[in-house]
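*Asks:*
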Ligand SMILES: *[C@@H]1O[C@H](CO)[C@@H](O)[C@H](O)[C@H]1NC(C)=O
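Residue numbers (mature numbering (1 follows the signal peptide of the UniProt record, and there is no 0)): -21 to -1, 1 to 170.
#1: Is the region 1 to 11 touching the region 58 to 67, taking contact as three or more C-beta pairs under 8 Å?
#2: When you compare the region 42 to 54 with the region 113 to 123, are there three or more beta-carbon pairs, one atom per stretch, that lie closer than 8 Å?
#3: What is the residue span of the beta strand (DSSP E) that residue 150 lies within?
#4: Can you give the Cα-Cα distance for residue 145 and residue 120, rounded to whole angstroms?
#5: Give the straight-line distance between the Cα atoms of residue 97 and residue 78, rounded to the nearest whole angstrom.
#6: Rounded to the nearest angstrom, how far is the Cβ of residue 80 from that of residue 37, given a contact under 8 Å?
#7: Just to be sure I understand the criterion: a residue counts if its Cβ is closer than 6 Å to at least one heavy atom of ligand 1. Which residues meet that?
#8: Give the single residue among 76, 104, 89, 72 whose Cα lies nearest to the Cα of residue 82.
#9: Under a Cβ-count criterion, where at least 16 other Cβ atoms within 10 Å of its own Cβ denotes burial, should residue 84 be classed as buried or exposed?
#10: Can you tell me which of 12, 6, 149, 5 puts its alpha carbon nearest to the alpha carbon of residue 134?
#11: By alpha-carbon positions, which one of 31, 108, 155, 90 ends up nearest to residue 72?
#12: On the three-state DSSP scale, how would you describe residue 56?
#13: Determine the direct distance from the alpha carbon of residue 141 to that of residue 50, and round the result to whole angstroms.
#14: Along the chain, which unbroken stretches of the alpha helix (DSSP H) at least 4 residues long are found entirely within the region 43 to 107?
#15: Determine the direct distance from the alpha carbon of residue 143 to that of residue 151, and round the result to whole angstroms.
Here it is in structure tokens:
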């Protein structure tokens, strides 16, 4: 019985080592991107607990700007950490309505996932890019369901379109809309 327990423990640590030695695979990156999307499209604190590390760091000047309503007059200042830790992320996200979140592209390297995405909303879509740093899940019972957690988030998006949708900004149409007429610049570009 005892030696069997040892065998199981050494098997577990062996398989953990072989996973840690491995880079993100395409399907791991897709899963991380889907998890990130779900945090915005179908948020729940339980889901955040499953997919974010406890010490997750989120830095976004787009969000910092929106939180201070474009004033940079109170915390979080531009350049500062937006959410320091999972509880802070949850406190912020729980105040936001769910948004239709479309993933446009997913790329990855060994530990980071790069996502192009948009909030598919009217009148103006809000397009963004996020860099998601990942970490292998230390909860061995979750290695199959959620092998990689999100540990860092760097995200920027079109705040201009976002505040148009909020009704805080109304643009004025440029007097000449060359691209509307031809679909390309009327004046050819020459280097
Ligand atoms: C943000 O600023 C805009 C423009 O001054 C204003 O209309 C809006 O009420 C402000 N929103 C909040 C939540 O203070």
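For every residue, glycine included, the Cβ atom is placed at its ideal position computed from N, Cα and C.
*Replies:* Working from what's here:
#1: no
#2: no
#3: Where residue 150 is concerned, there is no enclosing beta strand (DSSP E), given that its DSSP letter is neither H nor E.
#4: 43 Å
#5: 10 Å
#6: Contact flag wrong, Cβ pair sits at about 16 Å.
#7: 48, 147
#8: 104
#9: exposed
#10: 12
#11: 31
#12: coil
#13: 16 Å
#14: 65 to 72
#15: 12 Å
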